[in-house]
Amino acid sequence: MTKLLQRTLGRTGLSVTVLGFGAMDLGGPPAANAISDSDAKEVLNAVLDGGINFIDTAGCYGSSEARIGQAISARRDEFVLATKCGCIPGQGMGVTHAYDSTNIRAGIEHSLRSMKTDRIDVAQFHGSLTRPEWEASGALDELLKLKKEGKVRFIGISGILPNLREQIASGVFDVFQVPYSAVQREHEQVLQEAADSGAGVIVRGGVARGAPGDWNKRYYMLTGEEMSGRWEAARLDELLDGASRMEFMLRFAISLPALDTAIIGTKNLAHLRENIVAASKGPLPADLVAEAKRRLDGTASKPVSAA
10 MTKLLQRTLG RTGLSVTVLG FGAMDLGGPP AANAISDSDA KEVLNAVLDG GINFIDTAGC
70 YGSSEARIGQ AISARRDEFV LATKCGCIPG QGMGVTHAYD STNIRAGIEH SLRSMKTDRI
130 DVAQFHGSLT RPEWEASGAL DELLKLKKEG KVRFIGISGI LPNLREQIAS GVFDVFQVPY
190 SAVQREHEQV LQEAADSGAG VIVRGGVARG APGDWNKRYY MLTGEEMSGR WEAARLDELL
250 DGASRMEFML RFAISLPALD TAIIGTKNLA HLRENIVAAS KGPLPADLVA EAKRRLDGTA
310 SKPVSAA
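Next comes the structure, spelled out in structure tokens:
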């Protein structure tokens, strides 16, 4: 088993590997391309066998939760399990989420059954909600009740600017999941603010593998063209020194002091193993990170300062 660096997920006290696994790709359509139950089982067991101990999913990621339950519920004590709430049980990614107490409870109960577990380590609101939104219809209160019942251990939110600072200031969330990569550094400063508050920090999109997006949602996701344009403008290929772009980006992400784990999803065993090998090399040297940031600061990939 490859030895991966572990960090403490903020005030949760949970020890998590800096490389986590995002299980959306294992859910099949509409969240991702088709994959068989047997292939999903092989990937999930390879995740644990490779030393990764943090898995993130959601009820709207197709069959992802059910496959986690089928494939690795017998290994439940080997990993920290995170999922999302606000999804409507049985509905896919394209369906509007519902943040009311009834649906929050229904979603968590559905996730527990699907994953064949008695607890969810981190339950996150699947959207960057404002205070009025998480207070409306008792959504937060219901999640806190589920925590008191032991069905949920810690609560979090999938946050982005501009709402992220209000979410941090509220003090109610134990964990934040935020997009961040070398070519998407907008949240760099606010991620440190989250860590300084004592919260755990989960990064998604750390290797920015060409996901489509809309610049009008600038803090959520960029188009592959925009990401590539930032990379080229910063001339980051000059800094690779034999590493692949993927390795450089992954190690750049885990070099962020605020980060506890970076979730990267794949259904390809070769890619999974490449990610594990890259992460096992640890953060990039400090001088290399500093030079990369100096170059990136001349592009649109730079931190957004406090208002």
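Going from the sequence shown to this note's numbering is simple: count from 1 and add 9. Yeah, the Cβ is synthetic: ideal placement off N, Cα and C, and Gly gets one too.
Residue environment, residue i, which counts as buried when at least 16 other CB atoms sit within 10 Å
i, result
"T26", "buried"
"K317", "Because the chain here runs from 10 to 316, residue 317 falls outside it and cannot be looked at."
"T21", "buried"
"P292", "buried"
"N284", "buried"
"R260", "buried"
"K157", "exposed"
"S122", "Looking at the sequence provided, one finds Arg at residue 122 rather than Ser. R122 is exposed by the Cβ-count criterion."
"P171", "exposed"
"R1", "Outside the displayed span of the chain (10 to 316) sits residue 1, for which this structure offers no information."
"V286", "exposed"
Beta-carbon proximity check, residue i vs residue j, cutoff 8 Å
i, j, result
"I129", "T92", "yes"
"E74", "M33", "no"
"F134", "I97", "no"
"I273", "V216", "yes"
"L152", "A132", "yes"
"R84", "L57", "yes"
Beta-carbon contacts of residue i that lie in its chain and below 6 Å, excluding the five residues immediately before and after
i, result
"Q201", "A267"
"F257", "L249"
"L18", "V25, G209, D269"
"E197", "P312"
"A49", "L35, R76"
Per DSSP, cross-strand counterpart(s) of residue i
i, result
"G209", "V184"
"R16", "V25"
"L90", "I64"
"I166", "F134, F185"
"S190", "Q193"
Residue i versus residue j: straight-line alpha-carbon distance, rounded
i, j, result
"D150", "T105", "21 Å"
"L297", "I77", "38 Å"
"I81", "R282", "18 Å"
"H119", "F30", "21 Å"
"S206", "F182", "10 Å"
"P221", "E234", "Here P221 scores only 37 on pLDDT, less than 50, and its place in the model is too uncertain to base an answer on."
"A242", "A262", "19 Å"
"L265", "A115", "36 Å"
"K311", "E51", "38 Å"
"E87", "G60", "9 Å"
"A295", "K154", "43 Å"
"R254", "S190", "12 Å"
"S237", "D127", "43 Å"
Same chain, Cβ closer than 7 Å to residue i, five either side skipped, listed in chain order
i, result
"A148", "Y108, D109, S110, I113"
"W240", "V192"
Contact set for residue i: own chain, Cβ-Cβ below 8 Å, skip 5 residues either direction
i, result
"Q15", "S24, V25, T26, V27, N62"
"R244", "R304"
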